[in-house]
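Chemist: Residue numbers (full-length UniProt numbering), protein chains in the order written: chain V, 1 to 424; chain L, 1 to 122.
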Amino acid sequence: MKKLAYDLVIIGGGPAGLAAALEAKKNGVQKILICERAPYLGGILNQCIHNGFGLQYFKEELTGPEYASRFIEDVENSDIDVKLETMVMEILEDKKVIAVNRKDGMVQIDTKALILAMGCRERTRGAITIPGSRPSGIMTAGTAQSYVNLEGYIPGKEVVILGSGDIGLIMARRLTLEGVNVKGVIELMPYSTGLIRNKVQCLDDFDIPLLLSHSIIEVHGKERLQGVTIAEVDKNLKPIEGTEHYVSCDTLLLSVGLIPENELSNNLGCEMDKVTRGPVVNEKRITNIPWVFACGNVLHVHDLVDNVTQEAEIAGKAAADFINNKMNKEEKDVIITHDNNIGYIVPQHIDALNNTEQMIKFFLRVKNPDENVRLIVKDNFDKTLLNFKKSIVEPGTMVTFNLPREFVTKDTSSIDITISKEQA
Amino acid sequence: MESKKFICIGCPKGCSLEVQHHEKKIHEISGYNCKIGLKYAETEFTEPKRTITTTVKLKSGLLPFVPVKTRDPVNKEKMFEVMNVIRKLEIESPVKVGDIVVSNIAGTGVDLVCTRNIKRVS
């Protein structure tokens with residue numbers, strides 16, 4: 001087996017992997033390798049040809065491929081090595097990565113540190129168990145996106161979309177522009193799970209109905225999909241009898257959530273967060289394995305690539321500090337806890353003695369939508385560290401905030417974050 | 001005085017905007033949190049515009065299609081007219097981000113440009 005040696009190996013050449021690699025390079029890491037499974041860099045951004053990317057990071061509006069190309073060009077103009085069409089098979093405990101491609105066959109790559117940036121994948125029909133037959137014409141919204149935007153195939157003539165996730169909404173518009181009849185978007189929850197701007201510009205612009213609190217209870221068709229039976233659901237998300245009706249369609253797109261792609265991390269023994277389905281990390285994005293870092297959608301699913309880039313830069317910088325022995329070793333763990341309406345928070349714990357950054361950046365997601373709330377951060381002495389107002393919180397929009405480093409002292413053992421209704 | 005409500009699509013925050021108007025004349029715009037919102041409410045009330053993003057067939061490229069966009073937003077009612085022009089196009093590789101595919105597409109005054117670098121395969 002061919003053997004290679006690098007200072008840093010990054011698995012995944014999407015927005016997270018690219019930004020992490022560039023940031024590690026900037027911070028003095030010599031030999032960096034990006035392993036990418038696809039034949040090109042940029043990851044899923046390549047098929048996200050719509051605009052709206054980069055408003056936070058570049059302060060201008062870009063399409064997915066444009067956003068990716070800025071990082072791809074920087075990587076190509078650096079001495080960062082890239083192996084395309086290369087699949088990482090296994091990560092070994094003694095800092096070795098086993099990968100395979102057509103040119104090298106199996107390769108063993110020795111490394112000093114590793115960044116997980118494998119992204120996520122879509123939940124499929126199997127994951128949500130829709131009853132009925134199994135005809136052709138049922139696919140995830142992302143698969144349809146790849147067919148339409150990369151390969152130039154239109155998946156059908158009459159489309160129903162299940163789930164109001166952003167990819168589903170974006171595909172409703174994309175297919176309508178291509179002359180497809182998009183009959184409607186069906187959402188189980190009483191609220192849209194995608195960004196509000198996507199509901200407005202993708203559905204309202206084209207008069208595509210959004211049916212909230214509805215689900216598909218049966219799929220019809222043997223060879224090709226012929227239609228679906230939809231029904232309203234009650235508070236417990238159970239279909240309400242008598243509300244069923246049939247909608248004819250030849251294509252059903254599923255936009256029902258994303259799951260971090262963590263097979264490699266799991267096999268390596270990374271501690272996982274049950275809610276994010278990604279590794280548990282501290283503010284430097286280190287997993288429980290000291291030489292393994294994680295960022296982007298493999299860590300938790302982001303709604304904005306701008307946030308992925310920022311997070312990847314944190315991981316890239318930290319990996320560089322680790323490789324260059326600049327990272328403080330005396331860890332004092334501070335646990336982050338939260339109240340019920342917060343679904344998750346990343347990072348899950350922080351190091352009280354880490355003083356390399358002035359701000360600790362938190363990403364969190366709420367469980368239920370709410371208005372006029374206060375986000376309050378307290379330490380174990382019940383001292384309020386931060387207290388600010390949010391006019392709207394919703395599950396589809398990640399909340400981010402910065403906690404100044406100086407607020408965490410050597411005596412801090414836990415930090416609690418709550419989101420509650422503002423006192424009238 | 002009448003009022004019309006919009007949700008800003010300028011950024012992911014999705015601010016709720018309100019335009020107070022008398023027939024076609026705007027009196028007041030409220031609810032915006034930044035300049036993008038103010039501008040959006042104004043154009044959305046007078047002349048709604050959208051950026052079109054789609055793909056164009058590519059000859060001898062590493063990939064069969066190249067993603068494109070209208071460099072600036074075009075009138076909303078012109079969207080399908082623009083799509084009809086784009087559908088018939090086929091261009092030569094290689095292409096680079098920003099290359100003009102068609103200038104002044106469908107008489108909108110806006111250029112259609114490539115949004116991805118794609119190499120030529122011989």
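From the three backbone atoms N, C-alpha and C, an ideal C-beta is built for every residue, glycine too. On a predicted model such as this, the values are computed, not experimentally measured, just so you know.
(1) Give me the Cα-Cα distance between V/Leu-237 and V/Lys-361, rounded to the nearest whole angstrom.
(2) Which residues in the same chain as V/Ile-216 place their Cβ atom closer than 6 Å to its Cβ, once the five residues preceding and following it in sequence are excluded?
(3) If we count Cβ pairs, one from each stretch, closer than 8 Å, do we get three or more for the stretch 192-202 of chain V versus the stretch 393-401 of chain V?
(4) Determine the direct distance from the alpha carbon of V/Thr-337 to that of V/Gly-343, and round the result to whole angstroms.
(5) How about the stretch 41-50 of chain V and the stretch 65-74 of chain V: do they share at least three Cβ pairs that are nearer than 8 Å?
(6) So with CB distances below 7 Å, who are the chain V contacts of L/Cys-11?
(7) Which residues in chain C have a C-beta closer than 9 Å to the C-beta of V/Ile-49? List them in chain order.
(8) Quick one: what's V/Pro-239 bridged to in DSSP?
(9) Closest to V/Met-87 by CA distance: which of V/Val-75, V/Arg-37, V/Thr-124 is it?
(10) Is there a C-beta anywhere in chain L that falls below 8 Å from the one on V/Thr-243?
(11) Would you check if the stretch 20-36 of chain L and the stretch 403-420 of chain V touch, i.e. whether three or more CB-CB distances between them fall below 8 Å?
(12) Below 8 Å between beta carbons is the criterion; list the residues of the stretch 85-119 of chain L that meet it against any residue of chain V, in chain order.
(13) Around the C-beta of L/Ser-60, are 16 or more other C-beta atoms found within 10 angstroms, so that it is buried, or is it exposed?
(14) Kindly provide the ranges of any beta strand (DSSP E) runs that are 3 or more residues long and lie completely inside the stretch 358-418 of chain V, ordered along the chain.
(15) State yes or no: is the beta carbon of V/Leu-150 nearer than 8 Å to at least one beta carbon in chain L?
(16) Hey, L/Ile-52 and L/Val-74: beta-carbon distance below 8 Å or not?
(17) Using a Cβ-based criterion (distance less than 7 Å to any ligand heavy atom), does V/Pro-395 qualify as near the ligand GTP?
(18) Between V/Ala-16 and V/Val-281, how many whole angstroms is the CB-CB distance? I'm expecting something under 8 Å.
(19) Hey, quick one: how far does the alpha helix (DSSP H) through L/Val-82 stretch, first residue to last?
(20) Are V/Asn-262 and V/Val-298 close, meaning C-beta to C-beta below 8 Å?
(21) Just mark V/Tyr-246 as buried or exposed, buried being the case when its beta carbon has 16 or more other beta carbons within 10 Å.
(22) Would you kindly report the start and end of the unbroken beta strand (DSSP E) that includes V/Tyr-40?
(23) Less than 8 Å separating the beta-carbons of V/Leu-258 and V/Cys-120?
(24) So, is V/Asn-77 buried or exposed, given that buried needs 16 or more other C-beta atoms within 10 angstroms?
(25) List the residues of chain L whose Cβ lies closer than 8 Å to the Cβ of V/Thr-63, in chain order.
(26) Based on DSSP bridge pairs, tell me the residues matched to V/Met-272.
(27) Closer than 8 Å, CB to CB, is V/Leu-18 near chain L or not?
(28) Give the range of the beta strand (DSSP E) segment to which L/Lys-57 is assigned.
(29) If distances are taken between C-alpha atoms only, which option among V/Cys-295, V/Ala-117, V/Ile-170 comes closest to V/Gly-142?
Modeler: Considering the structure as presented:
(1) 35 Å
(2) Ile-130, Leu-162, Val-228, Ile-230
(3) Short answer: they touch.
(4) 11 Å
(5) yes
(6) Leu-55
(7) Judged by its chain identifiers, the structure shown contains no chain C, and its protein chains are V and L.
(8) V/Val-233
(9) V/Arg-37
(10) no
(11) no
(12) Going along the stretch 85-119 of chain L in chain order, one finds Val-97, Thr-115, Arg-116, Asn-117 with a Cβ nearer than 8 Å to chain V.
(13) exposed
(14) Listed in chain order, they are 359-366, 370-379, 384-393, 399-404.
(15) yes
(16) yes
(17) For the ligand GTP, the structure offers nothing, since it holds no ligand at all.
(18) No, V/Ala-16 and V/Val-281 are not in contact; Cβ-Cβ is about 13 Å, not under 8 Å.
(19) 79-87
(20) yes
(21) Around the Cβ of V/Tyr-246, a 10 Å sphere holds fewer than 16 other Cβ atoms; the residue is exposed.
(22) Per DSSP, V/Tyr-40 lies in no beta strand (DSSP E) and is assigned neither H nor E.
(23) yes
(24) exposed
(25) Ordered by position in chain L, the residues that pass the 8 Å Cβ test against V/Thr-63 are Thr-53, Pro-67, Lys-69, Thr-115.
(26) V/Pro-279
(27) Taking Cβ atoms only, chain L never reaches closer than 8 Å to V/Leu-18, which makes this a no.
(28) 53-59
(29) V/Ile-170
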